[in-house]
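K.L.:
If you're matching positions, the sequence shown starts at 9 in this note's numbering and goes up one per residue.
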Amino acid sequence: MEISSKENTHFFSNNTVLPVDRSSFKSESSASKEKQSCCGGIKIFLGALSFVYFAKALSGSYLKSTITQIERRFDIPSSLVGVIDGSFEIGNLLIIILVSYFGAKLHRPRIIGAGCLIMSAGTFLIAMPQFFMGRYRYERFPSTINSTVSISPCLQDKSQTPLSALEKSQAKINAGCEKEAGSSMWIYVLLGNLLRGIGETPIQPLGITYIDDYAVEENAALYIGCVQTAAIIGPIFGFLLGSLCAKLYVDIGFVDLDSVTISPKDVQWVGAWWLGYLIAGVISVLAGIPFWFLPKHLPKPESRKDSSTSSEQSKFIIEENKDQHISYQQQAKLAEMAKDFLPSLKNLFGNPVYILYLCASIIQFNSLIGMVTYKPKYIEQQYGQTSSKTNFVIGLINIPAVAFGIFSGGLIMKKFRIGVLGAAKLSLGSSFFGYLLLLSLFAMGCENSDVAGLTVSYHGTKPMTDYEQALFSECNSGCSCSKNDWDPICGENGVTYVSACLAGCQASNGSGKNTVFFNCSCVGTFESSQSSSAVVGPCQKGNECPKRFLYFLVISVITSYTLSVGGTPGYILLLRCIKPHLKSFALGIYTLAIRVLAGIPAPVYFGVAIDTTCLKWGSKRCGGRGACRLYDSSALRYVYLGLTLVLGTVSIFFSVAVLWVLRKRSSLQDETLSANGERGTCGTKSRKDHFVNSDQLIQSTYWPEKETRL
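As structure tokens, then:
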């Protein structure tokens, strides 16, 4: 679009009297039609983009809800699950710069539509291992398999113990072990998530800048807030879908469910994790359809039609290269665009506030990404909740609080007309009080469950020696038990035993979930024991744990809301302080840094740290360490919350430095304006002008995907 320099200076204030020019010859009816066309087009795009945000947030949050299911299904540690989760960010990394820079010059809606198709293909790929690997096998002794024959767990022949109630073990062949089919199928989950990341890349930078380009300036913050709020509906449905699928057995439709001898409360339970990915893939396909029919450009709003920058931006963007704006609106060749790449990059990194806030955001997102990735696992292990209930609670309680927080941030920005400096204060305040509330969660954890040989000795005291060696005691010395088995039973003394064999049980009665063990020598020797019987499954957490779980939920909801209030101000901070032709590029660079330095490493090192708190590891069928069966609750709490708070505190210091530089530049700008007089074309300097001037200081913050991270 051609931009006349003479028409450039008359739209900075509502009080400015416009001179008569060619635009004044337009009839009122044509102006009205153009306004309706503009509003209608941007609202259609807003609706389509909101649905895409819903789709990508649903699939992303569903992945978070299936972290423990994937860990158990593929028998892998948390650190490897962190690598799978981080592969999404790697996919973004591969093309984010190209999409954000070159995509702004091309047909943005169609690029978003193509991204949706790629995203759906990756989602379908994640579910594929379920159809190619064998049925799920879980550890169970013969006494708990559907049989009415009484078997002594203590004296059973371990070489004849099947590891599944559904299939017989074929682990031993000759002297070695044949590698189990499907043992490396988690690679397809990683590749599918990588593909999801590639497809999601254009949605954020191109969609947000498209709205900012064609929306009325004062409505941009509200529109972006609406998009972010609509995106929160995705995680709500994502976690609720995860809750539903976690209740269904993993091989539902493939096996007789009556033969399944474990329940959702069992640590070996795996839900139908794959089913949700098929649903999410279909939704992603539907979300991308409207973008293939949207135009490349929309009519500019009347208030921005004859201005190369917004009224806010024009005060603080140097005009030395104003003539170049014409070329950016034209169909530039790829060679010409590539030639401007390094100067554009230098322009972005030449601002100290942009760098400072980039550092603050990277550190904070390390904190948030790690916290949210392992939040379901933390709730399951700390408070003894099932995967289904955990996902239900997060989806129905936590996520709406985040949605309300993000929408509140956009509403506050619009109602109080908060600019860059005010947005920086709001963002800093939300982070400070959010992490302050998070500190109180240290006092709301549960103690370790009493597990003989792991958290307490067989006589009821704390173990003083190595945990693995403590699994064996005098009471089970006559049994041929393996320390690698995990088939917990609950003694009538309230203590959990790793297996019926290690509990010294001599007899059993019943079958499946109703099996009862008798004459358990280790149960009888416990100092508080009154009988020697036990039932299948671990014992419940202490009586205080449910109450502490409620306190945890209340603080968690308030914390989520507080942290989310700074989401929308972060978008506006960046968009209002970057040259128009660099907005997509700036968002892309910022997102790239978050992906590389936070999204990829955070789940990995959080997973490694969480693995150090494991007390009992499972064993793979052919040997080697599998998924963790039991964590040290106290150590898990300190590692999980401690890492989150330390990183959050460091990010706050960087945010304070950003605010200090903003204030410094604000005072310098005021002095310059006082010395040189008015720099704009307005005849008078209204209170509104002063507000605008104090805001256009720096390129500041941007919070990508904060709604899905929480």
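Backbone N, C-alpha and C define an ideal beta-carbon position, used for all residues, glycine too.
Since I believe Thr209 is in contact with Asn374 (beta carbons under 8 Å), could you give me their beta-carbon distance rounded to a whole number of angstroms?
P.N.:
Position 366 of the sequence shown holds residue 374. Position 201 of the sequence shown holds residue 209. The Cβ separation is near 21 Å, so there is no contact.
K.L.:
Could you check where the alpha helix (DSSP H) with Trp281 kicks off and where it finishes?
P.N.:
As a first step, residue 281 must be located in the sequence shown, where it is residue number 273. That run of the alpha helix (DSSP H) goes Trp281 to Gly296.
K.L.:
Looking at the structure shown, is Trp194 part of a helix, part of a strand, or coil, going by DSSP?
P.N.:
Along the sequence shown, one-based indexing puts residue 194 at 186. Three-state result, Trp194: helix.
K.L.:
Hey, would you say Gly246 sits closer than 9 Å to Tyr70, going by beta carbons?
P.N.:
If you number the sequence shown from 1, residue 246 lands on position 238. If you number the sequence shown from 1, residue 70 lands on position 62. Their beta carbons are under 9 Å apart, which means Gly246 touches Tyr70 by this criterion.
K.L.:
Please determine, among Phe525, Glu79 and Cys622, the residue with the shortest C-alpha to C-alpha distance to Thr463.
P.N.:
The residue given as residue 463 occupies position 455 in the sequence shown. Selected option, being the one with the closest Cα: Cys622.
K.L.:
Expressed to the nearest angstrom, what Euclidean distance is found between the alpha-carbon atoms of Ile566 and Ala409?
P.N.:
Walking along the sequence shown from the start, residue 566 turns up at place 558. Walking along the sequence shown from the start, residue 409 turns up at place 401. Approximately 7 Å between the Cα atoms of the pair.
K.L.:
For Cys483 and Trp494, I'd like the C-alpha separation in whole angstroms.
P.N.:
As a position in the sequence shown, residue 483 is number 475, starting the count at 1. As a position in the sequence shown, residue 494 is number 486, starting the count at 1. If you take the alpha carbons of Cys483 and Trp494, they lie about 18 Å apart.
K.L.:
On the DSSP letters alone, give me the boundaries of the beta strand (DSSP E) that Arg637 sits inside.
P.N.:
For this step, residue 637 is matched to residue 629 along the sequence shown. Note, Arg637: beta strand (DSSP E), Arg633 to Tyr639.
K.L.:
With burial defined as no fewer than 16 other Cβ atoms inside 10 Å of the residue's Cβ, what is the status of Phe139: buried or exposed?
P.N.:
As a working mapping, residue 139 is identified with position 131 in the sequence shown. It counts as exposed.
K.L.:
Would DSSP call Leu644 helix, strand or coil?
P.N.:
Against the sequence shown, residue 644 aligns to sequence position 636. Helix at Leu644.
K.L.:
With DSSP collapsed to three states, give me the class of Phe262.
P.N.:
The residue you call residue 262 lines up with position 254 of the sequence shown. Coil, per DSSP.
K.L.:
Going by DSSP, what residues sit across from Ser627 in a beta bridge?
P.N.:
In the sequence shown, residue 627 corresponds to position 619, counting from 1. Per DSSP, Arg633.
K.L.:
Give the secondary structure of Asn492 by DSSP, where H, G and I count as helix, E and B as strand, and everything else as coil.
P.N.:
As a first step, residue 492 must be located in the sequence shown, where it is residue number 484. Looking at Asn492 - three-state DSSP - the assignment turns out to be coil, as it is neither helix nor strand.
K.L.:
So what does DSSP say about Ser375, is it helix, strand or coil?
P.N.:
Reading the sequence shown from its first residue, position 367 is the one you call residue 375. Looking at Ser375 - three-state DSSP - the assignment turns out to be helix.
K.L.:
On the criterion of 16 or more Cβ atoms from any shown chain inside 10 Å, does Leu558 qualify as buried, or is it exposed?
P.N.:
Position 550 of the sequence shown holds residue 558. Counting Cβ neighbours within 10 Å, Leu558 comes out exposed, since fewer than 16 surround it.
K.L.:
Report yes if the C-beta distance between Val562 and Ser438 is below 9 Å; otherwise report no.
P.N.:
Numbered from 1 along the sequence shown, position 554 holds the residue referred to as residue 562. Numbered from 1 along the sequence shown, position 430 holds the residue referred to as residue 438. No.
K.L.:
Classify Tyr362 as helix, strand or coil using the three-state DSSP reduction.
P.N.:
Translated into positions along the sequence shown, residue 362 becomes position 354. Helix, per DSSP.
K.L.:
Out of Leu350, Thr217, Met141 and Ile84, point me to the one whose CA is closest to Phe2's CA.
P.N.:
Any question about residue 2 goes unanswered here, given that the chain covers just 9 to 718.
K.L.:
What residue from Asp266, Ala254, Ile120 and Tyr109 has the CA that sits closest to Ser519's CA?
P.N.:
Counting from 1 along the sequence shown, the entry for residue 519 is found at position 511. That would be Asp266, whose Cα lies nearest to the Cα of Ser519.
K.L.:
Per the DSSP calculation, Phe661 is bridged to which residue(s)?
P.N.:
Within the sequence shown, the letter at position 653 stands for residue 661. Paired residues: none, contrary to the question.
K.L.:
Starting from the Cα of Leu640, find the closest Cα among Ser659, Val531, Gly634 and Thr620 and give me that residue.
P.N.:
On the sequence shown, position 632 is the one that residue 640 refers to. Going by the sequence as given, residue 640 is Asp instead of Leu. Minimum Cα distance to Asp640 is reached at Thr620.
K.L.:
Exposed or buried, what is Glu97 when buried is set at 16 or more other beta-carbons lying within 10 Å of its beta-carbon?
P.N.:
The sequence position of residue 97 within the sequence shown is 89, counting from 1. With 16 or more Cβ atoms within 10 Å of its Cβ, Glu97 is classed as buried.
K.L.:
Please say whether Ala610 and Ile377 have beta carbons closer to each other than 9 Å?
P.N.:
Taking the sequence shown and counting its residues from 1, one reaches residue 377 at position 369. Taking the sequence shown and counting its residues from 1, one reaches residue 610 at position 602. Yes, Cβ-Cβ distance for Ile377 and Ala610 is below 9 Å.
K.L.:
My understanding is that Gln77 touches Gly279, with C-beta atoms under 8 Å, so please give their C-beta distance in whole angstroms.
P.N.:
Walking along the sequence shown from the start, residue 77 turns up at place 69. Walking along the sequence shown from the start, residue 279 turns up at place 271. Yes, Gln77 and Gly279 are in contact; Cβ-Cβ is about 5 Å, under 8 Å.
K.L.:
With DSSP run on the structure shown, which of helix, strand or coil describes Ser315?
P.N.:
Within the sequence shown, numbered from 1, the residue matching residue 315 stands at position 307. Model confidence at Ser315 stands at a pLDDT of 49, short of 50, so the residue's coordinates are unreliable; what they give is reported in the following sentence. Coil at Ser315, not helix or strand.
K.L.:
Please classify Val401 as buried or exposed, where buried requires at least 16 neighbouring CB atoms within 10 angstroms.
P.N.:
For the purposes of this step, residue 401 is taken as the residue at position 393 of the sequence shown. So Val401 counts as buried.
K.L.:
For Ser439, which of helix, strand or coil comes out of DSSP?
P.N.:
On the sequence shown, position 431 is the one that residue 439 refers to. Helix at Ser439.
K.L.:
Using only CA atoms, which one of Gly49, Thr131, Ile84 and Ala65 lies nearest to Trp625?
P.N.:
Here residue 625 refers to the residue found at position 617 when the sequence shown is read from its first residue. Measuring from the Cα of Trp625, the nearest candidate turns out to be Ile84.
K.L.:
Given a cut-off of 9 Å on the beta-carbon distance, is the pair Tyr598 and Leu302 in contact?
P.N.:
Residue mapping note: residue 598 aligns to position 590 of the sequence shown, counting from 1. Residue mapping note: residue 302 aligns to position 294 of the sequence shown, counting from 1. In this structure, Leu302 does not lie closer than 9 Å to Tyr598 by Cβ.
K.L.:
With Ile402 as the anchor, note down where its beta strand (DSSP E) starts and where it stops.
P.N.:
For the purposes of this step, residue 402 is identified with residue 394 of the sequence shown, where counting begins at 1. Element bounds for Ile402: n/a, residue is neither H nor E.
K.L.:
Within 10 angstroms of its Cβ, does Val664 collect 16 or more other Cβ (buried), or is it exposed?
P.N.:
Residue 664 sits at position 656 when you count from the first residue of the sequence shown. Per the 10 Å Cβ criterion, exposed.
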